[in-house]
Amino acid sequence: MRDTFLHKGMRKKLIDTLRKKGINDEDILQAMQQLPRHFFMDTAFVKWAYTDKAFPIGNEQTISQPYTVAFQTQLLDVHPKEKILEIGTGSGYQAGILALLGARVFTIERQEALYHKAQKLLGKLDLGNIRFFFKDGYKGLPEYAPFDKILVTAGAETIPQKLLQQLNIGGKMVIPVGKENQKMLVITKTGEEKYETKDYGHFRFVPFLSGVERE
Ligand code: SAH
2 MRDTFLHKGM RKKLIDTLRK KGINDEDILQ AMQQLPRHFF MDTAFVKWAY
52 TDKAFPIGNE QTISQPYTVA FQTQLLDVHP KEKILEIGTG SGYQAGILAL
102 LGARVFTIER QEALYHKAQK LLGKLDLGNI RFFFKDGYKG LPEYAPFDKI
152 LVTAGAETIP QKLLQQLNIG GKMVIPVGKE NQKMLVITKT GEEKYETKDY
202 GHFRFVPFLS GVERE
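Structure, rendered in structure tokens:
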């Protein structure tokens, strides 16, 4: 797939829209300007890649809305070299943004087909440090814990305690929690068993499901 001047121009407009909607972290906006979102989308929807909307990516899943990607990434407050666990690789777009921000990314997907596709694409793009896992994200990755940050990109009915245990003290998790729609929560681990939670309003995500699905 090609990234043309036309694509770059459309991306610039999308970035301006995100700025107007309140995204002000220039590093995030720059990463989103750099990464061609249309590479991550189903051919049927490519022409809408630079509209601020979520789209189907197969297996009943979606690539998140650009505003949601930017908002969650801003809440995560990413610094270079941080170890970040993402739950819900999906298209791989969000993992790509985290890698461009210099993070060491560990991303988990429960749909084998999506896991393969994202791994192949991001392998070609060579954006930085991303490791892919085909697993149930509810369990996290205890063998690589602790993480500085955890980003959940599917709507969880409850807060997975196993993920909280895998956070560094001082680390934080960004997670949408709720059934029909979700509250965007930022949970900061302030001590061994101590957490502070802040609510950043309502969003709608595909559900956080348990178990894995094979191709
Ligand atoms: N971050 C993705 C968004 C994908 S939508 C992107 O940038 O495109 C959420 C993804 O979470 C879906 O692909 C879904 O299959 C996955 N998911 C849901 N429950 C999961 C779980 N328990 N473990 C891992 N991935 C999960």
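When we follow the working numbering, the leftmost residue of the sequence shown carries the number 2, and every step to the right adds one.
From the three backbone atoms N, C-alpha and C, an ideal C-beta is built for every residue, glycine too.
Beta-carbon proximity check, residue i vs residue j, cutoff 9 Å
i    : j    : result
G141 : Q166 : yes
P161 : F204 : no
A155 : L123 : no
G97  : F46  : no
F72  : I24  : yes
F107 : F134 : yes
D4   : H39  : yes
P81  : M33  : no
Rounded C-alpha distance that separates residue i from residue j
i    : j    : result
S65  : K195 : 30 Å
L37  : Y94  : The question names Leu, but residue 37 in the sequence shown is Pro. Approximately 9 Å between the Cα atoms of the pair.
F206 : G89  : 11 Å
K118 : V213 : 16 Å
G192 : E27  : 31 Å
K14  : L86  : 30 Å
V79  : L102 : 7 Å
K21  : Q75  : 15 Å
V70  : L30  : 11 Å
E216 : K54  : 27 Å
E185 : D200 : Reading off the sequence, residue 185 comes out as Met, not Glu. Straight-line Cα distance between these residues: approximately 6 Å.
G59  : L115 : 8 Å
D43  : E144 : 33 Å
T189 : Q62  : 28 Å
K234 : L152 : Residue 234 cannot be examined here, being either before or after the span of the chain that is shown, 2 to 216.
G129 : Q35  : 13 Å
W49  : L164 : 34 Å
Residue i: CB within 8 Å of a non-hydrogen atom of the ligand SAH
i    : result
I64  : yes
F209 : yes
F206 : yes
T217 : The structure shown has nothing for residue 217, since the chain only spans 2 to 216.
Q115 : Going by the sequence as given, residue 115 is Leu instead of Gln. Yes, the beta carbon of L115 sits closer than 8 Å to at least one heavy atom of the ligand SAH.
Q183 : no
Q75  : no
E144 : no
I24  : no
A96  : yes
V79  : no
G91  : yes
Y139 : yes
V70  : yes
Contact belief for residue i with residue j at Cβ below 8 Å, rounded distance in angstroms
i    : j    : result
M11  : Y51  : 4 Å
V187 : V175 : 5 Å
E197 : K150 : Their Cβ separation, rounded to whole angstroms, is 15 Å, which puts E197 and K150 out of contact at 8 Å.
R111 : G138 : 6 Å
P147 : N169 : 4 Å
Per DSSP, the bridge partner or partners of residue i
i    : result
F148 : L168
H203 : K184
G59  : Q62
Residue i beta carbon near the ligand ZN (any heavy atom closer than 8 Å)
i    : result
T159 : With respect to the ligand ZN, the structure shown offers nothing to examine, as its ligands consist of the ligand SAH.
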